[in-house]
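Asks: One structure is given below, represented as structure tokens, and several questions about it will come after.
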Amino acid sequence: MTSWGDAGSAGPLFVAVIGLLGLILSPLAELLIAKMLPRVGPMPGMRARITTAVITAVLCAAFAFRVGSDAALPAFILLSVLGVQLARIDVALHLLPNPVVLSLLVGGLLCLLGATFGGEPWANLVRALAGAVILFVIYLILALISPAGLGMGDVKLAAPVGLYLGYLGWTQLFYGGLLGFILNGLVTVFVVARNRKERTSDVAHGPSMIGTAVGIGLLFS
Numbered sequence: 007m008t009s010w011g012d013a014g015s016a017g018p019l020f021v022a023v024i025g026l027l028g029l030i031l032s033p034l035a036e037l038l039i040a041k042m043l044p045r046v047g048p049m050p051g052m053r054a055r056i057t058t059a060v061i062t063a064v065l066c067a068a069f070a071f072r073v074g075s076d077a078a079l080p081a082f083i084l085l086s087v088l089g090v091q092l093a094r095i096d097v098a099l100h101l102l103p104n105p106v107v108l109s110l111l112v113g114g115l116l117c118l119l120g121a122t123f124g125g126e127p128w129a130n131l132v133r134a135l136a137g138a139v140i141l142f143v144i145y146l147i148l149a150l151i152s153p154a155g156l157g158m159g160d161v162k163l164a165a166p167v168g169l170y171l172g173y174l175g176w177t178q179l180f181y182g183g184l185l186g187f188i189l190n191g192l193v194t195v196f197v198v199a200r201n202r203k204e205r206t207s208d209v210a211h212g213p214s215m216i217g218t219a220v221g222i223g224l225l226f227s
């Protein structure tokens with residue numbers, strides 16, 4: 007299990023600065039995605055942009071408070087920025103763009119590698135790599151068994167989600183993987199109950215996976 011060295015000890019100014027960083031990075035990420043991935047479409051509307059920016063800023067500030075000056079903080083800032091973007095796109099388009107998912111995986115790995123060279127135990131990085139492989143394989147098997155329930159985008163997203171959960175610990179990986187399905191089930195029941203025309207397969211699974219990874223990172227590290 008990872009134990010943040012300065013968890014909860016970050017000063018208000020540090021937390022505010024990291025939150026402001028998230029507020030800035032969110033529209034920059036949206037701009038890059040819109041320019042480099044025409045398939046995703048143009049920039050979202052102003053309301054969506056403000057919402058994603060605020061959520062990203064809050065998550066970045068929360069991680070700054072939770073993690074403090076830990077060397078792994080950049081990895082979780084990246085998770086906040088790209089995770090919110092992936093959730094937004096998946097909800098709007100039922101799509102998890104490969105370049106964004108790959109950026110989260112490779113960027114997260116590089117950030118965690120940097121944290122390891124910065125003094126974090128190598129065991130955390132090895133466990134993170136194992137977590138990425140384990141969760142990816144589990145999602146792949148489930149998608150092959152029930153293609154209507156999971157898309158290949160969800161399978162690919164399982165790799166970076168497993169990377170982060172694995173870095174936090176084996177317990178976090180197990181419960182995080184399980185809670186992702188539970189959360190998605192609850193969301194599906196709620197959405198279908200409100201809109202009876204909505205099919206269960208039309209409910210995006212990506213936001214539940216990302217939300218679980220973020221929640222586990224903030225609460226149970």
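In our numbering, each residue carries its 1-based index in the sequence shown increased by 6. Glycine residues also receive a C-beta, built at the ideal position from the N, C-alpha and C atoms. All figures in this text were calculated on a predicted structure; none of them were measured in a lab.
For PHE69, count the other beta carbons within 10 Å of its own beta carbon; 16 or more makes it buried, fewer makes it exposed. Which is it?
Replies: buried
Asks: Exposed or buried, which one is PRO44 when buried takes at least 16 other CB atoms within 10 Å?
Replies: exposed
Asks: Where does SER75 land, buried or exposed, given buried means 16+ other C-beta within 10 angstroms?
Replies: exposed
Asks: If you follow the alpha helix (DSSP H) that ASP96 is in, where does it begin and where does it stop?
Replies: 79-99
Asks: Quick check: what's the CA-CA separation for TRP128 versus PHE20?
Replies: 27 Å
Asks: Counting pairs of beta carbons, one from the segment 103-122 and one from the segment 73-91, are three or more of them closer than 8 Å?
Replies: yes
Asks: Cβ atoms of GLY89 and VAL209: under 8 Å apart, would you say?
Replies: no
Asks: Specify the secondary structure class of GLY11 as computed by DSSP and reduced to three states.
Replies: Because GLY11 sits at a pLDDT of 48, beneath the cut-off of 50, its placement in the model cannot be relied upon, and the point is left open.
Asks: Does the distance from the C-beta atom of THR122 to that of LEU116 stay below 8 Å?
Replies: Going by C-beta atoms, THR122 is not nearer than 8 Å to LEU116.
Asks: Around the C-beta of MET215, are 16 or more other C-beta atoms found within 10 angstroms, so that it is buried, or is it exposed?
Replies: Burial call: buried.
Asks: Helix, strand or coil: how does DSSP classify LEU174 here?
Replies: helix
Asks: State yes or no: is the C-beta of PRO33 within less than 8 Å of the C-beta of ARG53?
Replies: no
Asks: Would you call the segment 165-185 in contact with the segment 136-143, where contact means no fewer than 3 C-beta pairs closer than 8 Å?
Replies: yes
Asks: Could you tell me the boundaries of the alpha helix (DSSP H) in which PRO44 lies?
Replies: Where PRO44 is concerned, there is no enclosing alpha helix (DSSP H), given that its DSSP letter is neither H nor E.
Asks: In terms of residues, what are the limits of the alpha helix (DSSP H) holding ALA67?
Replies: 52-73
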